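>
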Amino acid sequence: DAKTTQPPSMDCAEGRAANLPCNHSTISGNEYVYWYRQIHSQGPQYIIHGLKNNETNEMASLIITEDRKSSTLILPHATLRDTAVYYCIVRATNTGTASKLTFGTGTRLQVTL
Amino acid sequence: DGGITQSPKYLFRKEGQNVTLSCEQNLNHDAMYWYRQDPGQGLRLIYYSQIVNDFQKGDIAEGYSVSREKKESFPLTVTSAQKNPTAFYLCASSIEGYSNQPQHFGDGTRLSIL
Chain F
7 DAKTTQPPSM
17 DCAEGRAANL
27 PCNHSTISGN
37 EYVYWYRQIH
47 SQGPQYIIHG
57 LKNNETNEMA
67 SLIITEDRKS
77 STLILPHATL
87 RDTAVYYCIV
97 RATNTGTASK
107 LTFGTGTRLQ
117 VTL
Chain U
284 DGGITQSPKY
294 LFRKEGQNVT
304 LSCEQNLNHD
314 AMYWYRQDPG
324 QGLRLIYYSQ
334 IVNDFQKGDI
344 AEGYSVSREK
354 KESFPLTVTS
364 AQKNPTAFYL
374 CASSIEGYSN
384 QPQHFGDGTR
394 LSIL
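Protein chains in written order, with our numbering: chain F, 7 to 119; chain U, 284 to 397.
1. Name the chain U residues whose beta carbon is nearer than 8 Å to that of F:His55?
2. What does DSSP give as the partner residue(s) for U:Lys353 in the beta ladder?
3. By Cβ distance below 6 Å, which residues in the same chain neighbour U:Leu397 in space, the five residues on each side in sequence not counted?
4. Within the continuous beta strand (DSSP E) that includes F:Arg114, where are the two ends?
5. Alpha carbon to alpha carbon, what distance is there between F:Gly112 and F:Gln44?
6. Under 7 Å Cβ-Cβ, which residues of chain U neighbour F:Leu131?
7. Relative to chain U, which residues along the region 14-36 of chain F have a C-beta separation below 8 Å, given in chain order?
8. Once the 5 residues before and after U:Gly299 are set aside, which same chain residues still bring their CB inside 6 Å of it?
9. For F:Ala66, tell me which candidate among F:Thr108, F:Tyr42, F:Gly35 and F:Gln12 has the shortest Cα-Cα distance.
10. Within 7 Å of any Cβ in chain U, is that where the Cβ of F:Gln12 sits?
11. What separation, rounded to the nearest whole angstrom, lies between the Cα atoms of U:Ser395 and F:Asp73?
12. U:Ser377 and U:Gln308 - do their beta-carbons sit closer together than 7 Å?
13. F:Asn29 lies in the beta strand (DSSP E); which residues open and close that run?
14. What is the DSSP secondary structure of U:Leu326, reduced to helix, strand or coil?
15. Give me, in chain order, the residues of the same chain whose beta-carbon lies closer than 7 Å to that of U:Gln320; leave out the 5 immediate sequence neighbours on both sides.
16. Does the region 72-88 of chain F come close enough to the region 9-28 of chain F to have 3 or more Cβ pairs within less than 8 Å?
17. Strictly under 7 Å for the Cβ-Cβ distance: is U:Asp337 near chain F by that measure?
18. Along chain F, in chain order, which residues have C-beta atoms closer than 8 Å to that of U:Leu373?
19. Using C-beta distances below 6 Å, list every residue in its chain close to F:Lys75, excluding the 5 sequence neighbours before and after it, in chain order.
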């Protein structure tokens, strides 16, 4: 699976949009981009995933550049409960066998009043 | 509500003792996974199972064993051969192992050595 690069930490004011970047310049054609977050002492929570089109769900939006070498997770109105470590993961699928999720060190998002 | 249940939340192991961590899911998922997380680090895959009665070793299987006798259950045994078992253990499941559908996680079991 391709390697991802994320900033180690970011701050965001409550009520503002949080934009979390991820670089995955070596991504292959069959690799999806997944975003998870982990609040201390809890299991990772799935947020969103996509291949090449932008995606939106009730939690967030995922913007993938046209060349697929980077993406941005957008939390439209951040709250204090969004404070967590956010992981961007690239994973090959449809390979015929199960594949693991490779978590890096992620971005620690701190939402402040 | 559908989800993944891990128990216990905290577990203590004595030297030379085997312990078993429970993972149950009611999502009707075929694939299940066990990961280990050490402080400040990412997740490492221990074992995974794509279907009942079948499982495969992950990156760090030594000192661990699993079984998959039922679709909804995937228990992990940490044996005495695992010399550094203190960690946060996470169970996950997905509809299929090889599709693009995401893995969903339980809330983990924290294992410590007495």
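C-beta: ideal position from N, C-alpha, C; glycine also. The model shown is predicted, which means the values in this text are computed figures rather than measured ones.
Per the coordinate set shown:
1. Asn383 and Pro385
2. U:Ser356
3. Phe295 and Lys297
4. Thr113 to Thr118
5. 10 Å
6. Nothing about residue 131 of chain F can be read from this structure; chain F reaches only from 7 to 119.
7. none
8. Ser363
9. F:Tyr42
10. no
11. 45 Å
12. no
13. Ala24 to Asn29
14. strand
15. Leu326, Ala370, Phe371 and Leu373
16. yes
17. no
18. Gly49 and Pro50
19. Ser31
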